[in-house]
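Engineer:
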Amino acid sequence: MANNKFVSVATIQERFNLTNFTPELNLEEAQVTVADVNRPALQLHGFYEHFDSSRIQVIGNVEAAYLNKKTDEEKAESFAQLLTYDIPCVIFCRGEKPGEILLKEAVKANVPVLGTDRATSEFMSALIYSLNKDFAPYTTIHGVLVDVYGEGLLITGESGIGKSEAALELIRRGHRLVSDDVVEIRRPNNERLYGRAPSITQYLIELRGIGIIDVKSLYGVEAVKDEQRIDLVIKLEDWSKEKEYDRLGMTDEYMNILGIDVTCHSLPIRPGRNLAIICEAAAVNHRQKKMGYNAAEELYRRVQNNING
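One point on numbering: in full-length UniProt numbering, the residue at position 203 of the sequence shown is 203, and numbering is uninterrupted.
(1) Hey, how far is the Cα of F79 from the Cα of K70?
(2) Based on Cα-Cα distance, which residue from V9, E49, N26 and E28 lies nearest to V34?
(3) Go to L204, then tell me how far its alpha helix (DSSP H) extends in each direction, as first and last residue.
(4) Would Y149 be called buried (16 or more neighbouring beta carbons within 10 Å of its own) or exposed?
(5) Looking only at C-alpha atoms, which of D147, L44, K104 and T84 sits nearest to D231?
(6) Touch check for the region 165-175 and the region 261-277: three-plus C-beta pairs under 8 Å?
(7) DSSP on E184, reduced to helix/strand/coil?
(8) Go ahead and label S179 buried or exposed: buried means 16 or more other beta carbons lie within 10 angstroms of its beta carbon, across all protein chains shown.
(9) Count Cβ pairs between the region 233-240 and the region 259-271 that sit closer than 8 Å; are there 3 or more?
(10) Using DSSP with H/G/I as helix, E/B as strand and the rest coil, what is T19?
(11) Identify whether I101 lies in helix, strand or coil by the three-state DSSP scheme.
(12) If you draw a straight line from the alpha carbon of S54 to that of P98, how long is it in whole angstroms?
(13) Ordered along the chain, which non-local residues of its own chain (more than five positions away) have a Cβ less than 7 Å from that of K75?
(14) Among the residues of its own chain, which have a CB less than 7 Å from the CB of N308, if the five just before and after it don't count?
(15) Who are the Cβ neighbours of K133 in its own chain at under 6 Å, not counting the five residues just before and after it?
(16) With 16 as the cutoff for other CB atoms within 10 Å, does A119 come out buried or exposed?
(17) What residues are listed by DSSP as bridge partners for H265?
(18) Can you name, in chain order, every residue of its own chain whose Cβ lies under 6 Å from the Cβ of E227, other than the five neighbours on each side?
(19) State the start and end residues of the unbroken alpha helix (DSSP H) segment that holds Y66.
(20) How many Å lie between residue 389 and E206 at the Cα?
(21) Please confirm whether V90 and Q43 have their CB atoms less than 8 Å apart.
(22) Is N189 helix, strand or coil when you go by DSSP?
(23) Just the Cα atoms here: how many angstroms apart are L25 and L18?
(24) Can you name the start and end residues of the alpha helix (DSSP H) that L131 belongs to?
(25) DSSP state of E151, grouped into three classes?
(26) Hey, quick one: how far does the beta strand (DSSP E) through F6 stretch, first residue to last?
(27) Run the CB neighbour count on P88, radius 10 Å, all protein chains shown included, and call it buried at 16 or more, exposed below.
(28) In whole angstroms, give me the CA-to-CA distance for K225 and R176.
(29) Tell me D214's beta-bridge partners as DSSP assigns them.
(30) Indicate the three-state DSSP secondary structure (helix, strand or coil) for L27 in the structure shown.
(31) What's the C-alpha gap between T11 and A296?
(32) Quick check on DSSP: helix, strand or coil for T71?
(33) Is I269 closer than 8 Å to G162 when the C-beta atoms are compared?
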């Protein structure tokens with residue numbers, strides 16, 4: 001499937017506060033379509049096999065030193081050959097300057113040239129991480145995402161079952177809202193999922209019978225968070241006498257989101273149950289399991305020891 005996502009070079013320039021050496025070019029029109037970057041050392045020497053021209057080209061000390069050893073004519077020829085490919089932009093690191101000869105070729109080829117004082121490897125790492133988030137697989141889920149003791153708790157369930165009310169009680173207990181109603185989820189790598197709110201509903205909660213409340217205004221900036229890793233799913237559902245619910249937690253259930261299995265607990269709703277406290281306990285218990293302690297396994301061990309005398 002073709003990738004229709006892109007990030008403009010103008011966005012990258014603003015995001016990393018890059019120096020623009022080619023202000024006469026329109027950075028909004030230059031588009032980045034892949035998260036990988038390339039250091040074109042071999043290309044500057046004339047080797048273009050397996051060259052991916054869709055990547056941002058990053059020039060560090062090594063590439064700059066190599067170019068500086070060339071004559072002006074050789075510099076122009078080497079750089080012009082690189083710019084014959086449809087590359088989004090060239091970024092010079094460690095405060096290196098492209099020079100008038102290279103800038104002339106860049107303007108002629110309509111390829112933006114930017115610069116930064118940051119170390120090459122450090123900048124490349126930050127750039128790749130940022131682009132991976134931009135191009136990550138993406139989906140939306142109807143639910144509420146709350147940061148509970150550092151654990152990202154995604155609360156799902158049928159409309160009107162009490163997700164927003166549980167989130168509000170958690171906020172009052174000192175936890176932080178990430179998103180209510182709709183959660184935008186991205187998978188920047190094969191291990192983690194991150195959720196955030198759509199910009200239009202950020203920091204807002206809908207409460208039936210009351211309306212929309214602004215959590216940031218009512219409870220302060222400490223009650224909200226822009227983004228959170230998703231660690232646990234709580235699925236709220238109506239209590240059913242016919243259904244048998246897990247009482248020990250010996251085996252984990254999972255919810256698959258974007259190809260990643262996330263631990264999921266089905267929580268039956270009935271009068272008298274305090275959802276916020278149960279969600280807190282679930283988050284702490286999940287964190288404890290990640291630290292190597294499982295209460296259900298400890299109970300099983302005690303029972304076995306008691307049977308064996």
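Ideal Cβ placement from N, Cα and C applies to all residues, glycine included.
Values in this document were obtained by computation on a predicted structure and should not be read as measured data.
Structural biologist: In short, the structure shows the following:
(1) Cα to Cα, the separation comes out at about 11 Å.
(2) V9
(3) Careful: L204 lies outside any alpha helix (DSSP H), inside the beta strand (DSSP E) at L204 to L207.
(4) Label assigned to Y149: exposed.
(5) D147
(6) Touching, yes, given that three or more Cβ pairs across the two stretches are closer than 8 Å.
(7) strand
(8) buried
(9) yes
(10) strand
(11) helix
(12) 21 Å
(13) L67, I101 and L102
(14) none
(15) P188
(16) Sixteen is the threshold: since fewer than 16 other Cβ atoms of the shown chains lie within 10 Å of the Cβ of A119, the residue is exposed.
(17) I234
(18) Y194 and R196
(19) N61 to N68
(20) What is shown of the chain runs 1 to 309, which leaves residue 389 out entirely.
(21) no
(22) coil
(23) 15 Å
(24) Per DSSP, the continuous alpha helix (DSSP H) segment holding L131 begins and ends at T120 to D134.
(25) strand
(26) First-last for F6: undefined, no H or E at that position.
(27) buried
(28) Approximately 6 Å, taken between the alpha carbons.
(29) L204
(30) coil
(31) 49 Å
(32) Shown here, T71 sits in coil according to DSSP, grouped into three states, outside any helix or strand.
(33) yes
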